[in-house]
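Visitor:
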Amino acid sequence: AEEIKRRAALDSAAEATRASAQELAQRENFLEHKNEQLSQLEISLNALRQNIENREQKLNQAESDAHETSLQLEKETQRLAQANETLKIRTADIDARAH
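For the sequence shown, counting from 1, position 24 maps to 40 in this note's numbering; every step adds exactly one.
(1) DSSP on Ala17, reduced to helix/strand/coil?
(2) Look up His115 in the DSSP assignment and say whether it is helix, strand or coil.
(3) May I have the straight-line CA-CA distance separating Ala99 from His83, to the nearest angstrom?
(4) Suppose you measure from the CA of His49 to the CA of Leu64; what does that come to, to the nearest Å?
(5) For Ala30 and Glu18, what's the separation of their Cα atoms in angstroms?
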């Protein structure tokens, strides 16, 4: 009778251990899956960060180019204004000589 009780207790303990081990394996699989998802999210986040950095660099370059173009246009406008003044003076001189 004692042997039967002892075996029953051992069987019960073994079953509880198996159930506990199975539960731990399931939790481990769940955590591995979540860890893989986290890794994928980190990869996506890094790609987005790189994309943002690239766009910021392009924007900065475009702003720099626009500023340079603005300066060139300003110089060209001044040059044209000077040429226009020169033409007015020459036209007035020609008109004065014609009369």
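Don't be surprised by glycine CBs; every beta carbon is placed ideally from N, CA and C.
Small disclaimer: the values here were computed from a predicted structure and weren't measured.
Guide: Reading it off the structure:
(1) Against the sequence shown, residue 17 aligns to sequence position 1. The answer is coil: DSSP assigns Ala17 none of H, G, I, E or B.
(2) What you label residue 115 is simply residue 99 of the sequence shown in a count that begins at 1. Correct three-state label for His115: coil.
(3) The residue given as residue 99 occupies position 83 in the sequence shown. The residue given as residue 83 occupies position 67 in the sequence shown. Their Cα atoms are separated by approximately 24 Å.
(4) Residue mapping note: residue 49 aligns to position 33 of the sequence shown, counting from 1. Residue mapping note: residue 64 aligns to position 48 of the sequence shown, counting from 1. Roughly 23 Å separates the two Cα atoms.
(5) Counting from one through the sequence shown, the residue named residue 30 turns up at place 14. Counting from one through the sequence shown, the residue named residue 18 turns up at place 2. Computed Cα separation, rounded: 18 Å.
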